[in-house]
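Positions in the sequence shown are counted from 1; adding 19 to them yields our numbering.
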Amino acid sequence: DTKDTAYHTQGDTCKPVSGPTVTLGSFKPTEFVDSMYQHVTTVTARVGFLPSGAELHPTCKLAGGDFICSASCSEINATSESVCTIIIPSIDYSATPHYNAAMNRIILSDNELNISLDFNNGSSVASKAFSFSVPEIRIEPTFHCGDGACEASLNESWSNCCIDCDCVGDDMYCYTGVNLAGQCLNSSMINLVIGGTEPSLPECTIHFYRGECQFISPVTVYASVPNPPDDMELIRDFYFFDGKNYDINCLEEPYGQNENYTCSTVLPEIAGEDGGITNKQFRLWFTIKYTLNGSEKTQNISATIPQLALQRTKSERVMECESVIEELESKEQDLSSKKTTLYGFLGIASALAAVFCTLAAIKDSGWIILCGIALILVGCIGNMLMSSVDKLKQEVDQLKAQRQSLCATSDPGSMMSALGGSKGAGLNMASIGLSVICAVGVVVTMMGIGAVMPAGGGGEGTVISGHPGEIPGTELPPMA
20 DTKDTAYHTQ GDTCKPVSGP TVTLGSFKPT EFVDSMYQHV TTVTARVGFL PSGAELHPTC
80 KLAGGDFICS ASCSEINATS ESVCTIIIPS IDYSATPHYN AAMNRIILSD NELNISLDFN
140 NGSSVASKAF SFSVPEIRIE PTFHCGDGAC EASLNESWSN CCIDCDCVGD DMYCYTGVNL
200 AGQCLNSSMI NLVIGGTEPS LPECTIHFYR GECQFISPVT VYASVPNPPD DMELIRDFYF
260 FDGKNYDINC LEEPYGQNEN YTCSTVLPEI AGEDGGITNK QFRLWFTIKY TLNGSEKTQN
320 ISATIPQLAL QRTKSERVME CESVIEELES KEQDLSSKKT TLYGFLGIAS ALAAVFCTLA
380 AIKDSGWIIL CGIALILVGC IGNMLMSSVD KLKQEVDQLK AQRQSLCATS DPGSMMSALG
440 GSKGAGLNMA SIGLSVICAV GVVVTMMGIG AVMPAGGGGE GTVISGHPGE IPGTELPPMA
């Protein structure tokens, strides 16, 4: 028994080879779960009559040598003990004859642990072998969800792992958003949800009078698909708005348990010439495909915003146009009122002139002055009123020209018809006619005055006798 083989003559003592012994405690544990992983069982080894330089070197056999195992022992401590371990390899339960299906256990018997006790013997190393039986080892195989095999013999099924085992039912699919092992859901639970829009109040602008309201900036719609199948793919996206379908661009966002999408579009123009807020129905449609019971399935899902609020704003040009139209309507009403007054006046004055001039023709010269005055009223006053009407007509025409410039629409013909035709030539001819009547009235009035004036400084009045076709004379009373 030499402490140091290099100096075997110092402090050496002769001891019997039979003295050193190795004894084992209990192997723990000997039952395991899941054969796809390695397992370790340990045992305490005690060395009796511990020689100098002692080390334990173990080897092992499992199931009579059917499986390769590895063993190791720790350094012997001060109490002459060492902890030895046996590493049990992973075992495919379906490929080993040691699997007992009735018990659902892999049973390893005929196991051995062989330990070589090496120690110093003078200048050399001596060895002493010990062999121990290892208790029966039992391993319970379990299924591994996600390995692609549905291990029904290990109680794996769609209820605990639908990613390996297909769901039962024509409309059932495996959803893994909450549990990685998956859960079987009905395809009716795949739906579309709209989370909101940006901006929350999309705005359009009315650029032309009585024109459509046009959107310039895009609207972003945030949507999601709760409970999506693992292999769900969006193959078409569109939306229904204001009675028609339109394409939309939706991009998937990589966050959350659901399939989240950001959809962007410029909304089509909408009718309505007034500003303010209007509401339109907006419906988003997705066509998706995924695997259902081993076959590819396509499905349409949709979500609706029943009342999407939209802000209609008038452009500055349209507001100027409406201001001109308002002023134009006011002046057209004024023009209509003045025309009514003119035509009424001319009607009354013309009737009086007709009466007075008729009486002057069939009776005496005293009616000549009244005839002339009536003609002056018809001609001169009527012409003044006609000038006022004509001036207002020119203002109306100017406003119509402004309306034509500011309120241009996509249909110029409708705007031209709204403007109406010009009557300037008719007004000018009427003005000339009234001027002639006014002049005639002045002449007639002067004739009437001349007819009733005395012939000299005094004396008898002059009698103007009438002739056929002339205005008859009137006998004047003598001068005082």
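Note that CB positions come from ideal geometry on N, CA and C, so glycine has one too.
Please read all numbers here as calculations on a predicted model, not as lab measurements.
Among the options, nearest to residue i - alpha-carbon criterion
i    : options                : result
D31  : I289, D256, G141       : G141
E231 : G215, I400, D293       : D293
V187 : N174, I225, Q202       : Q202
F260 : K316, A322, N210, P248 : A322
K410 : K350, Y194, Y112, T359 : K350
A120 : L286, E131, V153, A171 : A171
E222 : L286, L371, L75        : L286
T5   : S150, Y112, E252       : Here the chain covers residues 20 to 499 and nothing more, so residue 5 does not appear.
Y56  : T98, P48, E94, I110    : I110
Q300 : I324, I95, G84         : I324
L11  : V212, S450, N179       : Since the first and last residues shown for the chain are 20 and 499, residue 11 lies out of range.
Q417 : C376, L347, V408       : L347
D250 : W304, T317, L43        : T317
F86  : A97, T98, I125         : I125
D53  : A420, N123, I296       : N123
T281 : L211, H226, T224       : L211
L371 : P154, G167, L389       : L389
DSSP state of residue i mapped onto helix, strand, coil
i    : result
Q57  : coil
V455 : helix
S436 : Model confidence at S436 stands at a pLDDT of 43, short of 50, so the residue's coordinates are unreliable; what they give is reported in the following sentence. Of the three classes helix, strand and coil, the one that applies to S436 here is helix, per DSSP.
V144 : strand
N402 : helix
W386 : helix
A242 : strand
P431 : Caution is warranted here: a pLDDT of 44 is assigned to P431, below 50, making its placement in the model unreliable, and no coordinate value can be reported.
E494 : For E494, the predicted structure reports a pLDDT of 41, less than 50, and the residue's modelled location is therefore unreliable. The matter cannot be settled from this model.
M122 : coil
S152 : strand
E271 : strand
T21  : coil
S16  : Any answer about residue 16 is impossible in this case: the structure gives the chain only from 20 up to 499.
T49  : coil
Y258 : strand
K263 : strand
F500 : Because the chain in this structure spans residues 20 to 499, residue 500 falls outside the shown range and cannot be described.
L365 : helix
A420 : helix
E131 : strand
K350 : helix
V285 : coil
K34  : coil
A322 : strand
K328 : Position check: residue 328 holds Ala in this sequence, whereas Lys was assumed. Reduced to three states, the DSSP call for A328 is strand.
I468 : helix
P191 : The question names Pro, yet the displayed sequence has Met at residue 191. Looking at M191 - three-state DSSP - the assignment turns out to be strand.
Y280 : strand
C164 : coil
D85  : coil
D409 : helix
V212 : strand
R336 : helix
T377 : helix
Residues of its chain near residue i, where Cβ-Cβ distance is below 6 Å and the 5 sequence neighbours each way are ignored
i    : result
S283 : P237, T239, N268
G214 : Y241
Neighbourhood of residue i by C-beta distance below 8 Å, restricted to the same chain and skipping five residues each side
i   : result
P39 : V66, G67, F68, L69, P70, A73, L136, F138, K147
A82 : H117, L127, S128, D129, N130
C88 : C79, K80, L81, I105, I106, I107, P108
Whole-angstrom C-beta distance between residue j and residue i, which should lie under 8 Å
i    : j    : result
L127 : I156 : 4 Å
N298 : Q326 : 4 Å
I367 : A379 : Wrong, their Cβ atoms sit about 19 Å apart, outside the cutoff.
A64  : S37  : With 8 Å as the limit, A64 and S37 do not qualify as a contact, their Cβ atoms being about 18 Å apart.
T310 : R255 : Actually they are not in contact, since the Cβ atoms of T310 and R255 sit about 18 Å apart, beyond 8 Å.
S243 : N205 : That pair is no contact at about 19 Å.
I320 : I209 : 6 Å
C92  : T61  : With 8 Å as the limit, C92 and T61 do not qualify as a contact, their Cβ atoms being about 10 Å apart.
P247 : G196 : 7 Å
C164 : D190 : The pair is not a contact, with the Cβ atoms about 23 Å apart (cut-off 8 Å).
K308 : E252 : 5 Å
Cβ-based neighbour list, residue i, same chain, cut-off 7 Å, excluding 5 preceding and 5 following
i    : result
T78  : A90, N133
P48  : T60
G291 : C232, T297, R331
Interface flag, residue i vs chain B, CB-CB below 7 Å
i    : result
V374 : Checking the listed chains, one finds no chain B in this structure; it contains a single protein chain.
Indicate whether the contact test is met: 3 or more Cβ pairs, each with one atom in the segment 449-458 and one in the segment 397-408, closer than 8 Å.
-> yes
Three or more C-beta pairs closer than 8 Å, one from the segment 217-224 and one from the segment 238-257: is that the case here?
-> yes
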